Amino acid sequence: MRVHILLSAIGDYMPKYQQPGIKPHQALADEIIRTAKAVWEARQPSESTVRFLQKMPAKHGSHFRFLEVTQKDENTLLVSGGRRQ
17 MRVHILLSAI GDYMPKYQQP GIKPHQALAD EIIRTAKAVW EARQPSESTV
67 RFLQKMPAKH GSHFRFLEVT QKDENTLLVS GGRRQ
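Written out as structure tokens, the structure reads:
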């Protein structure tokens, strides 16, 4: 199953300009994809959306963010920045 991470989920953590060949945030994207697949498989059958807590990179201390997983079609999951309240 493919996982698409929407810009709303991690856009403010991505650098504005990236050097070719260097992907410092690839590890974060890989971790989000693994976690999204795991929580989607563990959801209750009646749930169409699942939230999970993701540790985000921080220069000082720790930072966490809730992300949401929904199913786009039978082969694709979408990860978004979650609900704003």
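Letter by letter, the sequence shown follows residues 17 to 101 of the numbering used here. We treat Cβ as the ideally placed atom computed from N, Cα and C, and that holds for glycine. Everything numeric in this text was worked out from a predicted model, so none of it was measured.
N- and C-terminal bounds of the alpha helix (DSSP H) containing residue i
| i | result |
| --- | --- |
| Q42 | 42 to 57 |
The beta strand (DSSP E) enclosing residue i, as first and last residue numbers
| i | result |
| --- | --- |
| L83 | 79 to 89 |
| S96 | 92 to 96 |
Beta-carbon proximity check, residue i vs residue j, cutoff 9 Å
| i | j | result |
| --- | --- | --- |
| L44 | M72 | yes |
| S24 | S96 | yes |
| V85 | V55 | yes |
| S64 | Q42 | no |
Residue i in three-state terms, based on DSSP
| i | result |
| --- | --- |
| S24 | helix |
| Q101 | Residue placement at Q101 is poorly supported in this model, since its pLDDT is 47, which falls under 50; the coordinates still yield a value, given next. Three-state result, Q101: coil. |
| M30 | coil |
Cβ separation of residue i and residue j, assumed to be a contact under 8 Å, to the nearest whole Å
| i | j | result |
| --- | --- | --- |
| I48 | Q70 | 6 Å |
| K53 | M17 | 7 Å |
Residue i beta carbon near the ligand GDP (any heavy atom closer than 8 Å)
| i | result |
| --- | --- |
| E47 | No copy of the ligand GDP occurs in the structure displayed, which carries no ligand at all. |
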